[in-house]
Each structure stands twice: as C-alpha cells, then as structure tokens.
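Visitor: The numbering used here applies: residue 901 is where the sequence shown begins, and numbers increase by one. Glycine included, each C-beta is placed from N, C-alpha and C at the ideal position. Sharing a structure below in structure tokens format, with a few things to ask.
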Amino acid sequence: MTHAAPLVVVGGGIAGLCTALATAPRPVLLLGRGERSEDTASTMAQGGIAAALGPADSIGAHVADTLLAGAFRNDGALVRALAAAAPAAIEWLRGHGVDFDRDGDGGSLQLGREGGHQFARIVHAGGDATGARVVAALSHAVATAPHVRWRGGIDVDGLLVRGGAVVGVRLGGAGAGEVVVTDAVVFATGGIGALFARTTNPAGADGSGLALALAAGARSRDLEFVQFHPTALDLPTHSLPLLTEALRGRGARLVDADGRPLMAGLHPQGDLAPRDVVARRVWQAGCNGGAWLDSTGLGIDWQREFPTALAACTAHGIDPAAVLVPVTAAAHFHMGGLATDAAGNTSLPGLYAVGEVACNGVHGANRLASNSLLEGVVSGRRLGARLARSACAFRRGGGTVLVERGRGLSGAGLGAVHDLLWRAVGPVRSGHGLRSALAAVTPLAEAGWQGRLARDLMEAAARRRISVGAHWRDDAVPKAQLESGVA
Ligand code: SIN
C-alpha cells in the first residue's frame, strides 16, 4: 500500500517530537519504533538540561565548558547558538507544561551541577526524572497537535531514492508492506549504545536508522566518537540503569575496591571532571577490582531528588544511602553519526537528520553533560520550522530505487558484535585491539547490518591514531599533549 505525506519524521524521542511540533501548520507523519515515546533514550535522561541561568553564570561560560569537554573539536558557531538558545528552550518547555524543580521558596529554578560545568546550571524536573517529564509533556503536545499524525510500533527499514534524492520510506513492524512518499524525511532515530555489551541506552538505540541512511549513501562523520557514562549500575545485563552524574554534583564520590577516592589528583575538577576522563578512570578501576559510588552520608531526600536512581538501586537490593553502589562505564551517547550541516541537511537531498543520530559537530569529541536534551529541543525546533516554510519537493526524474537496511543479526552473532565493540571501541582503544576486532567482525559484516555498522565504527577508530575526547587510544599520545610538547 502506498500513501503520501508532506513530511515524515522518524523517531519519537525529544528531537523527533520537537521537529514534528515545529512543522505546524504543515502536516507531518511522526513514526516511532516503540508504541509510545516513553520507550526512547530521551525518557531515560536523568540529569537535566543545561542552561546558563545562575547569577554568576553566562552564555560564554556555557560555551567555554562545552568546547573544553568536546576537546575543541566542536563547531564553535553551533556551540554559541546552542548555549544562547538554552534559556528560551527552558521557557518553551515550561510553556508546554514541564514543571521544572524550584527552590524551597517556590521561586527560582533549582540548578544542579554535573561533570565539566564550572557552574550549577542543570535544570531538572521530578528530581532525576527530567527526560521522562519532558517527553511526557511533549508527547501530550503532539497528541493534541492537529498537524501531527503519530504512528507507533513502526520500524522504517527502507528508503525510496530517486535521482540521488530521498523521496519516501518503506515501513516495517506494525506498518509492514506500506510505503510513504514524501517531500522530506527527517531521521531522529537516536544513538547506537545498544550495539555495545554495556550501555545505559534502551534496546532500540541500536543504530538502525544510521545503518539505513549509510546504506543509501549518506555520509557519516566522527563515527568513533562514542561517549561512555562513568556510573551505570554494574549488573550482569546488557542495558544498565544510569546513576546520574548529578549525584556527584550533590557530593557523591567514586572509590576503588579499597575505598580510596578514584579521582583524587587526576583532574582539577575531581569527580566532576568531564565525562570522558571519569569514564576512563572507572573503566580502569573496573579492570582492577571494581569501582563504587559512595553516596552514603549525603543526607538528602532520595525520593524527592533522585527517585529514578533510588528505584534502580532498590530493585537490586541496594540502599544507596547506606552502602557503596557498584558502578561501571557504559556506552551512553554517540557524538558521531550522519554528517549534517547546521540546518540538518545530510549529504542526500530530501534526507535530514537531527538529535543523536546526526553529527553537526556541536558536541565535538565528547558531549558536555546535559547538552543532549537541549540540543534535541534546539535543533529539532530549528529544522521543523524550516521544513514548515520550505516547499522542498525533490521531483527529480528517473526511476525510484528501494534501498534496504538488509538482514539483521540476532542471537550469537549480535552478542559477538556487542562484545567486539565493547572490547575494541570501548573507553580505552588500541591499534592492536582494533586490528584483531576488524578481522573478527568481517564475517559478521557480511551476515547483517549491525556487523557492517560495527565495522564502520572500528575502521573510523583505527583511522584516528590520536587520543582526543572520548576517543582514547592507549597507543597514542593525546593531541593536546603533542601540541604542548608535553609528550
Ligand atoms: C546524567 O544524568 O548523568 C546523564 C545526563 C546526560 O547524558 O547528559
């Protein structure tokens, strides 16, 4: 069955929701992989949204922290635009009913602290339930917006390409057999954390959108820039509960098996150093007996401030106020992805990308904490507003070709991809590890799209022979040290 829709947005997380809302009054079909937006990684975001709102803070300081965390690999103009747009993004979300936490007097917004930030600037809702509150509010807005048609349970598994331009999508899942022709397809399909053996992401964050766009010939960028979160609850499972960095902002400390502080003397910001620095230390401690988060003695109201982290711990018989919590580094966020310009254009006409699947360079080599929900709102609204105005029909001649993502791996093959990526493209990499992983992944790349994507990541990591941001090679000196002559 073939339908037509003026615009198609693929992905029900924060970037997809914001893009769809902003196309008004132009009708848009919003396709989610889960039945509801609640199943996305955005919902699981705990810490909050960074915005320079404190009395001593400034847009310039937010910009400086974003660039420093990103190892100065960021697009400076986009960083400035992002930081400058943050206060208005918070206001816009409040207008959609997000009830951000306020100080005891009910007055000013409460501002939390996270790694890499010189000031308390993390706006949050429901304590550590920020992503869930924001997604709930935006889902409600989408459900009541007359221009948006939402369909859940849809896996877009093919792209229609005519004359080099994307002109439609083929649906799988609940829409199997249907084709939608359209003027513009927006991919807001999220990250790739679920391709790694240890991740804070939900199962759906497996890079399926990225793999499909690459199969159609879209250009990628910085695929090797994968961020690892230092404090996932260490369980013997694939998807791990996050213990927000805001806990360290409230005074929690990382310790080793002997109770010694892990971050002492390593970085001037200690436990609140940028995430890549802390994640590598936790990874290293994990190889030498383990790492723990010490939140005992914080004297906080856990139920009010950290209900999500508390629930995750209690579900596994851990009382975080009384005992040390075992933690591990885990794949968390993809800074790389589909190469886009500032406006969200990919290299294929008719295909746009926004949010985590896109790489416009704003996050550089390591995203600053709590800049991701912010970027989803800002870039989603920017792209949606543009698509609302532009006619953008690619009525090129020639035949239409269906590009498919292709067969997927399951069972042992998929497990092997998870393990290979974790070992070779994890928090610490090496040329030797990458070479042997590339040899092992070759048959998996022939067998399924996850193997091909894993191979693309390994090749990108092998090509970048320096350590920069979250891409750390233990056989390479960090670029900053090379430049300063410290090496
Ligand atoms: C966290 O709360 O620690 C994660 C937030 C983020 O990914 O920026």
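Which ranges would you report for the beta strand (DSSP E) in the segment 1178-1213 if only whole runs of at least 3 residues count?
Guide: With a minimum length of 3 residues, the continuous beta strand (DSSP E) runs that stay inside the segment 1178-1213 are 1191-1194.
Visitor: Can you list, in chain order, the residues of its chain with a C-beta nearer than 6 Å to that of residue 1048? Leave out the 5 residues immediately preceding and following it.
Guide: Indexing the sequence shown from 1 puts residue 1048 at position 148. Answer for residue 1048: 920, 928, 930, 1042, listed in chain order.
Visitor: For a test of your reading of the model: does the CB of residue 1232 fall under 8 Å from any non-hydrogen atom of the ligand SIN? Yes or no.
Guide: Taking the first residue of the sequence shown as 1, we reach residue 1232 at position 332. Checking every heavy atom of the ligand SIN against the Cβ of residue 1232, one is found closer than 8 Å.
Visitor: Quick one: Cα of residue 904 to Cα of residue 1069, how far?
Guide: Locating residue 904 in the sequence shown gives position 4, where the first residue counts as 1. Locating residue 1069 in the sequence shown gives position 169, where the first residue counts as 1. Cα to Cα, the separation comes out at about 10 Å.
Visitor: Identify which residue in 1336, 1360, 1329, 1349 has its Cα closest to the Cα of residue 1374.
Guide: For the purposes of this step, residue 1374 is identified with residue 474 of the sequence shown, where counting begins at 1. Checked all of 1336, 1360, 1329, 1349; the closest Cα to residue 1374 is 1329.
Visitor: Please report the residue range of the alpha helix (DSSP H) in which residue 1322 lies.
Guide: One-based indexing of the sequence shown puts residue 1322 at position 422. Here the alpha helix (DSSP H) through residue 1322 covers 1311-1324.
Visitor: Measure the C-alpha to C-alpha separation of residue 1086 and residue 1032 and round it to an integer number of angstroms.
Guide: Numbered from its first residue, the sequence shown carries residue 1086 at position 186. Numbered from its first residue, the sequence shown carries residue 1032 at position 132. Rounded to whole angstroms, residue 1086 to residue 1032 spans 23 Å at the Cα level.
Visitor: Given this structure, state the Cα-to-Cα distance separating residue 1271 from residue 1298, to the nearest angstrom.
Guide: On the sequence shown, position 371 is the one that residue 1271 refers to. On the sequence shown, position 398 is the one that residue 1298 refers to. Roughly 42 Å separates the two Cα atoms.
Visitor: By DSSP, does residue 1030 sit in helix, in strand, or in coil?
Guide: Start at 1 with the first residue of the sequence shown, and residue 1030 comes out as number 130. Correct three-state label for residue 1030: helix.
Visitor: Opposite residue 946 in the DSSP bridges: which residues?
Guide: Taking the sequence shown and counting its residues from 1, the one referred to as residue 946 is at position 46. Paired residues: none, contrary to the question.
Visitor: Cα-Cα, which of 1092, 1338, 1020 is closest to residue 1269?
Guide: Your numbering for residue 1269 matches position 369 in the sequence shown. Nearest of 1092, 1338, 1020 to residue 1269, Cα basis: 1020.
Visitor: DSSP state of residue 1270, grouped into three classes?
Guide: The count along the sequence shown starts at 1 and reaches residue 1270 at position 370. Correct three-state label for residue 1270: coil.
Visitor: Give the straight-line distance between the Cα atoms of residue 1335 and residue 1362, rounded to the nearest whole angstrom.
Guide: Along the sequence shown, read from residue 1 onward, the residue named residue 1335 stands at position 435. Along the sequence shown, read from residue 1 onward, the residue named residue 1362 stands at position 462. Computed Cα separation, rounded: 8 Å.
Visitor: Give the C-beta separation of residue 971 and residue 1264 to the nearest angstrom, bearing in mind that I take them to be a contact with Cβ-Cβ under 8 Å.
Guide: Residue numbering aside, residue 971 sits at position 71 when the sequence shown is read from its first letter. Residue numbering aside, residue 1264 sits at position 364 when the sequence shown is read from its first letter. Residue 971 to residue 1264, Cβ: 6 Å. Contact.
Visitor: Are the segment 1174-1182 and the segment 1127-1134 touching by the rule of at least three beta carbon pairs closer than 8 Å?
Guide: Yes, the segment 1174-1182 is in contact with the segment 1127-1134.
Visitor: Could you name the residues of the same chain whose beta carbon sits closer than 6 Å to that of residue 946, not counting the 5 residues immediately before and after it, in chain order?
Guide: Sequence index remark: in the sequence shown, residue 946 carries index 46 (1-based). Within the same chain, residue 946 has close Cβ partners 1028, 1142, 1144, 1208.
Visitor: Going by alpha carbons, who is nearest to residue 1309 out of 1106, 1088, 1164?
Guide: For the purposes of this step, residue 1309 is taken as the residue at position 409 of the sequence shown. Looking at the Cα atoms, 1106 is the closest of the given residues.
Visitor: What does a CB cutoff of less than 7 Å around residue 985 pick up in its chain, not counting 5 residues either side in sequence?
Guide: Indexing the sequence shown from 1 puts residue 985 at position 85. These residues qualify, in order along the chain: 1278.
Visitor: Compute the beta-carbon to beta-carbon distance between residue 1257 and residue 1117, rounded to the nearest angstrom, for a pair I have assumed lies under 8 Å.
Guide: For the purposes of this step, residue 1257 is taken as residue 357 along the sequence shown, with counting starting at 1. For the purposes of this step, residue 1117 is taken as residue 217 along the sequence shown, with counting starting at 1. The pair is not a contact, with the Cβ atoms about 16 Å apart (cut-off 8 Å).
Visitor: Roughly how many angstroms separate the alpha carbons of residue 1340 and residue 1353, rounded to a whole number?
Guide: In the sequence shown, counting from the first residue as 1, residue 1340 sits at position 440. In the sequence shown, counting from the first residue as 1, residue 1353 sits at position 453. Rounded to whole angstroms, residue 1340 to residue 1353 spans 14 Å at the Cα level.
Visitor: DSSP on residue 1350, reduced to helix/strand/coil?
Guide: If you number the sequence shown from 1, residue 1350 lands on position 450. Helix at residue 1350.
Visitor: Could you tell me which of 1252, 1093, 1227, 1345 sits nearest to residue 1235, measuring between CA atoms?
Guide: Position 335 of the sequence shown, counting from 1, holds the residue named residue 1235. When only C-alpha atoms are compared, the closest one is 1093.
Visitor: Out of 967, 933, 1168, which has the shortest C-alpha to C-alpha gap to residue 1459?
Guide: This structure cannot settle anything about residue 1459, because the visible part of the chain is limited to 901 through 1387.
Visitor: Considering only their Cβ atoms, is the gap separating residue 1082 from residue 1357 smaller than 9 Å?
Guide: Here residue 1357 refers to the residue found at position 457 when the sequence shown is read from its first residue. Here residue 1082 refers to the residue found at position 182 when the sequence shown is read from its first residue. No; because the gap between Cβ atoms is not below 9 Å, this pair is not in contact.
Visitor: Going along the chain, which residues of its own chain have a beta-carbon closer than 7 Å to the beta-carbon of residue 1303, five neighbours each way excluded?
Guide: For this step, residue 1303 is matched to residue 403 along the sequence shown. Within the same chain, residue 1303 has close Cβ partners 1058, 1059, 1061, 1115, 1116.
Visitor: Which residues have their C-beta within less than 5 Å of a heavy atom of the ligand SIN, listed in chain order?
Guide: Going along the chain, the residues that qualify are 946, 947, 1144, 1145, 1269, 1270.
Visitor: May I have a chain-ordered list of the beta strand (DSSP E) segments no shorter than 3 residues that lie completely inside the segment 920-1002?
Guide: Within the segment 920-1002, the complete beta strand (DSSP E) runs of at least 3 residues are 928-931.
Visitor: Relative to the C-alpha of residue 1343, which candidate in 1317, 1014, 1322 has its C-alpha closest?
Guide: Translated into positions along the sequence shown, residue 1343 becomes position 443. For the residues 1317, 1014, 1322, the minimum Cα distance to residue 1343 belongs to 1317.
Visitor: For residue 1219, count neighbouring C-beta atoms within 10 Å of its own C-beta (all shown protein chains included) and say buried if the count is 16 or more, exposed if not.
Guide: Here residue 1219 is taken as the residue at index 319 of the sequence shown, counted from 1. So residue 1219 ends up on the exposed side.
Visitor: To the nearest angstrom, report how far apart residue 1190 and residue 952 are at their CA atoms.
Guide: The residue given as residue 1190 occupies position 290 in the sequence shown. The residue given as residue 952 occupies position 52 in the sequence shown. C-alpha separation (whole angstroms): 35 Å.
Visitor: Assuming residue 1099 contacts residue 1230 under a Cβ cut-off of 8 Å, what Cβ separation, rounded to an integer in Å, is found between them?
Guide: Sequence index remark: in the sequence shown, residue 1099 carries index 199 (1-based). Sequence index remark: in the sequence shown, residue 1230 carries index 330 (1-based). Right, the Cβ-Cβ distance comes to about 5 Å (below 8 Å), so this counts as a contact.
Visitor: Using DSSP's beta-bridge definition, name the partner residues of residue 914.
Guide: The residue labelled residue 914 in the question sits at position 14 within the sequence shown. Bridge partners of residue 914: none, in fact.
Visitor: Reducing DSSP to helix, strand and coil, say where residue 1370 ends up.
Guide: For this step, residue 1370 is matched to residue 470 along the sequence shown. In this structure, residue 1370 counts as coil in the three-state DSSP scheme.
Visitor: Starting from residue 1153, trace the alpha helix (DSSP H) both ways and give me its first and last residue.
Guide: Within the sequence shown, numbered from 1, the residue matching residue 1153 stands at position 253. Looking at the DSSP string, residue 1153 is not in any alpha helix (DSSP H); the run it does join, the beta strand (DSSP E), is 1153-1156.
Visitor: Give the secondary structure of residue 1137 by DSSP, where H, G and I count as helix, E and B as strand, and everything else as coil.
Guide: Locating residue 1137 in the sequence shown gives position 237, where the first residue counts as 1. Residue state, collapsed to three classes: coil.
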